[in-house]
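Note sheet for the following structure.
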Amino acid sequence: MKCILILGDGMADEQIPELGGKTPLEYAKTPNLDRMAQEGACGMLHTIPDGFEAGSDIANMSILGYAPEKYYTGRGPLEALSMGVDLAPTDVAYRCNIVTVRDEIMADFSAGHISSAEAAELFASLAPAVPRVLLRAGVSYRNLLVVPNGSAADSSAPHDIVGQPIAAYLPRNGDADILLSAMAKSREVFAGHPVNVARVRAGKLPATQIWPWSGGRRPAFPSFFEKYHRRGGMISAVDLLNGIARCAGMEVIKVPGATGYFDTDYMAKARYALDAIRRLDFVYVHIEAPDEAGHEGSIEEKVRAIENVDRVAGAIRAEFDGIIAVLPDHPTPIRIKTHSREPVPFVVTGKGTDSCTQFSEKEAQSGMLGTRKATELLSFLFA
Numbered sequence: 001m002k003c004i005l006i007l008g009d010g011m012a013d014e015q016i017p018e019l020g021g022k023t024p025l026e027y028a029k030t031p032n033l034d035r036m037a038q039e040g041a042c043g044m045l046h047t048i049p050d051g052f053e054a055g056s057d058i059a060n061m062s063i064l065g066y067a068p069e070k071y072y073t074g075r076g077p078l079e080a081l082s083m084g085v086d087l088a089p090t091d092v093a094y095r096c097n098i099v100t101v102r103d104e105i106m107a108d109f110s111a112g113h114i115s116s117a118e119a120a121e122l123f124a125s126l127a128p129a130v131p132r133v134l135l136r137a138g139v140s141y142r143n144l145l146v147v148p149n150g151s152a153a154d155s156s157a158p159h160d161i162v163g164q165p166i167a168a169y170l171p172r173n174g175d176a177d178i179l180l181s182a183m184a185k186s187r188e189v190f191a192g193h194p195v196n197v198a199r200v201r202a203g204k205l206p207a208t209q210i211w212p213w214s215g216g217r218r219p220a221f222p223s224f225f226e227k228y229h230r231r232g233g234m235i236s237a238v239d240l241l242n243g244i245a246r247c248a249g250m251e252v253i254k255v256p257g258a259t260g261y262f263d264t265d266y267m268a269k270a271r272y273a274l275d276a277i278r279r280l281d282f283v284y285v286h287i288e289a290p291d292e293a294g295h296e297g298s299i300e301e302k303v304r305a306i307e308n309v310d311r312v313a314g315a316i317r318a319e320f321d322g323i324i325a326v327l328p329d330h331p332t333p334i335r336i337k338t339h340s341r342e343p344v345p346f347v348v349t350g351k352g353t354d355s356c357t358q359f360s361e362k363e364a365q366s367g368m369l370g371t372r373k374a375t376e377l378l379s380f381l382f383a
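Residue 383 is where the sequence shown ends in full-length UniProt numbering, and the numbering goes up by one at each step.
Set out below in structure tokens:
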């Protein structure tokens with residue numbers, strides 16, 4: 001039986017007073033997800049193993065069945081693989097955000113969701129000033145820094161420290177001196193840069209510096225086909241997800257108009273998933289927008305993003321009669337504007353029916369599928 005998994009990144013949340021005590025998932029108009037709950041079965045999923053931070057890298061690896069305790073080496077090398085950077089065995093790759101720091105406080109982890117073209121221009125200007133590292137521009141604020149013959153530094157994700165002084169979260173140990181030097185150079189190069197002059201003139205946040213984090217060496221996964229004897233594909237606008245897919249030997253399916261933000265072409269993702277499932281056995285459709293809304297603390301955008309995930313689910317259900325699963329990778333609560341590690345709800349059609357009537361955090365707790373480890377999900381779907 002073929003399977004499509006729809007992943008609404010960060011879709012789970014807490015009850016919010018402004019929504020009448022409902023979560024965004026409960027409040028949003030989601031007729032297709034609710035119909036899936038009524039016709040299928042629900043449960044809860046532990047996506048973050050003990051000892052790991054609640055990140056999309058850890059959660060999505062787990063959902064694909066790759067135990068982080070065995071295979072995880074850092075977010076940076078996964079993104080490097082997606083970007084086509086061939087890492088040497090001793091290279092350490094870091095995810096490198098372009099951020100806005102004001103008065104030594106992390107003001108914005110994405111520099112106002114800087115465009116890819118602006119980020120590329122900033123990186124091109126910075127590269128000659130930091131010859132000890134390799135810089136590679138990616139999508140929007142999500143970029144790459146590689147230290148040859150490196151040693152992974154202790155680092156902090158910038159989206160976890162918004163509004164906080166950065167001093168306690170600067171890189172430590174390992175490559176710290178190299179990273180701190182590159183960060184200092186970026187402040188010099190970005191100050192007064194034409195990209196920032198234009199952004200400030202347009203009322204946008206300036207990009208004040210780079211922020212490297214989650215470094216590691218290239219991982220080695222068993223292939224998806226070896227693991228499940230099925231051909232899998234990934235649809236995502238995010239380098240992290242595509243890097244995991246490349247590591248697993250999955251097909252990376254590029255969708256025109258997929259941006260990893262609120263303006264992504266949701267229905268194009270549905271169309272490409274339906275096309276891909278004709279030649280593949282499994283398609284993973286990743287939708288980043290709910291997570292971005294959570295990080296921005298926007299209730300309105302999170303509700304809208306969830307409703308767009310519902311549209312994707314409806315379009316796929318209308319034309320695909322195989323197994324469909326929908327779930328978040330982790331909560332990204334509006335209240336804290338970052339990830340949390342609580343179990344997330346999931347719904348599956350084609351694997352039995354229970355008494356759930358709505359797809360939500362509360363309803364799924366009573367679903368017949370119970371509470372499971374994320375690493376066991378695909379084995380259950382394929383059984």
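For glycine and all other residues, C-beta sits at the position ideal for the given N, C-alpha and C.
Remember, it's a predicted structure, so these values are computed and weren't measured experimentally.
Span of the beta strand (DSSP E), counted from its first residue to its last, around residue 419: Outside the displayed range of the chain (1 to 383) lies residue 419, so it cannot be described from this structure.
Thinking C-alpha only, which one of Phe359, Gly260 and Phe346 is nearest glycine 370? The count along the sequence shown starts at 1 and reaches residue 370 at position 370. Considering only alpha carbons, the answer is Phe346.
Based on DSSP bridge pairs, tell me the residues matched to tyrosine 284. By 1-based counting over the sequence shown, the position of residue 284 is 284. Bridge partners of tyrosine 284: Leu5 and Met234.
Determine the extent of the alpha helix (DSSP H) in which valine 189 is found, giving its start and end residues. Walking along the sequence shown from the start, residue 189 turns up at place 189. Unbroken alpha helix (DSSP H) run through valine 189: 176 to 190.
Hey, how far is the Cα of leucine 134 from the Cα of aspartate 86? By one-based count along the sequence shown, residue 134 stands at place 134. By one-based count along the sequence shown, residue 86 stands at place 86. Computed Cα separation, rounded: 12 Å.
Apply the 10 Å Cβ neighbour rule to serine 223 and answer buried if 16 or more other Cβ atoms are within range, or exposed otherwise. Taking the sequence shown and counting its residues from 1, the one referred to as residue 223 is at position 223. With fewer than 16 other Cβ atoms within 10 Å, it is exposed.
Starting from glycine 216 and walking both ways along the beta strand (DSSP E), at which residues does that stretch end? Here residue 216 refers to the residue found at position 216 of the sequence shown. Here the beta strand (DSSP E) through glycine 216 covers 209 to 216.
DSSP state of arginine 35 mapped onto helix, strand, coil: Here residue 35 refers to the residue found at position 35 when the sequence shown is read from its first residue. Here arginine 35 carries a helix assignment [DSSP, helix/strand/coil].
Assigned secondary structure, lysine 302 (DSSP; H/G/I helix, E/B strand, else coil): Against the sequence shown, residue 302 aligns to sequence position 302. If DSSP states are grouped into helix, strand and coil, lysine 302 belongs with the helices.
Cβ distance (whole Å) where residue 390 is taken to contact arginine 372 below 8 Å: No answer is possible for residue 390: the residues shown for the chain start at 1 and end at 383.
Taking its Cβ as the centre, do 16 or more other Cβ atoms sit within 10 Å of serine 355, making it buried, or is it exposed? Start at 1 with the first residue of the sequence shown, and residue 355 comes out as number 355. Residue environment: serine 355 is assigned as exposed (fewer than 16 neighbouring CB atoms within 10 Å of its CB, all protein chains considered).
Neighbourhood of leucine 274 by C-beta distance below 7 Å, restricted to the same chain and skipping five residues each side: Taking the sequence shown and counting its residues from 1, one reaches residue 274 at position 274. Counting only Cβ-Cβ distances below 7 Å, and skipping sequence neighbours, we find Ile316, Glu319 and Phe320.
At which residue ranges does the stretch 238 to 299 contain complete beta strand (DSSP E) runs of 3 or more residues, listed in the order of the chain? 282 to 287
Quick check on this structure: which residue in Ala124, Pro31 and His46 has the alpha carbon closest to the alpha carbon of proline 194? Working through the sequence shown from its first residue, we reach residue 194 at position 194. Minimum Cα distance to proline 194 is reached at Ala124.
Endpoints, the alpha helix (DSSP H) within which proline 77 is located: For the purposes of this step, residue 77 is identified with residue 77 of the sequence shown, where counting begins at 1. 75 to 82 is the extent of the alpha helix (DSSP H) around proline 77.
Proline 212 and proline 171 closer than 9 Å at C-beta: For the purposes of this step, residue 212 is taken as the residue at position 212 of the sequence shown. For the purposes of this step, residue 171 is taken as the residue at position 171 of the sequence shown. Pairing proline 212 with proline 171 gives a Cβ-Cβ distance under 9 Å.
C-alpha gap between leucine 33 and leucine 45, whole angstroms: In the sequence shown, the residue the question calls residue 33 occupies position 33. In the sequence shown, the residue the question calls residue 45 occupies position 45. Computed Cα separation, rounded: 17 Å.
Please state whether the Cβ-Cβ distance between threonine 338 and aspartate 160 is less than 9 Å. Counting from one through the sequence shown, the residue named residue 338 turns up at place 338. Counting from one through the sequence shown, the residue named residue 160 turns up at place 160. The answer is yes: Cβ separation under 9 Å.
How long is the line joining the alpha carbons of isoleucine 63 and tyrosine 72, rounded to whole angstroms? Position 63 of the sequence shown, counting from 1, holds the residue named residue 63. Position 72 of the sequence shown, counting from 1, holds the residue named residue 72. Going from the Cα of isoleucine 63 to the Cα of tyrosine 72 covers about 13 Å.
Terminal residues of the continuous beta strand (DSSP E) containing arginine 136? Counting from 1 along the sequence shown, the entry for residue 136 is found at position 136. Where arginine 136 is concerned, the enclosing beta strand (DSSP E) stretches over 134 to 139.
Give the secondary structure of aspartate 86 by DSSP, where H, G and I count as helix, E and B as strand, and everything else as coil. Position 86 of the sequence shown, counted from the first residue, corresponds to residue 86. Three-state result, aspartate 86: coil.
Compute the distance between the beta-carbons of histidine 330 and alanine 54, then report whether it is under 9 Å. Counted from its first residue, the sequence shown places residue 330 at position 330. Counted from its first residue, the sequence shown places residue 54 at position 54. It is a contact, given that the beta carbons lie within the stated cut-off.
In three-state terms, what does DSSP make of lysine 22? Residue 22 sits at position 22 when you count from the first residue of the sequence shown. Looking at lysine 22 - three-state DSSP - the assignment turns out to be strand.
According to DSSP, is asparagine 149 part of a helix, a strand, or is it coil? Locating residue 149 in the sequence shown gives position 149, where the first residue counts as 1. Coil at asparagine 149, not helix or strand.
Alpha-carbon to alpha-carbon, alanine 270 and glycine 84: What you label residue 84 is simply residue 84 of the sequence shown in a count that begins at 1. What you label residue 270 is simply residue 270 of the sequence shown in a count that begins at 1. Spanning the two alpha carbons is a distance of roughly 26 Å.
Nearest-angstrom beta carbon gap, tyrosine 141 and alanine 119 [assumed within contact, 8 Å]: Looking up residue 119 in the sequence shown gives position 119. Looking up residue 141 in the sequence shown gives position 141. Yes, they are in contact, since the Cβ atoms of alanine 119 and tyrosine 141 sit about 7 Å apart, within 8 Å.
From Arg218, Ala12 and Gly76, residue whose alpha carbon lies closest to that of alanine 88: Translated into positions along the sequence shown, residue 88 becomes position 88. For alanine 88, the nearest C-alpha among the options comes from Arg218.
Determine whether the beta carbon atoms of leucine 205 and alanine 111 lie at a separation below 9 Å. The count along the sequence shown starts at 1 and reaches residue 205 at position 205. The count along the sequence shown starts at 1 and reaches residue 111 at position 111. For leucine 205 and alanine 111, yes; Cβs fall inside 9 Å.
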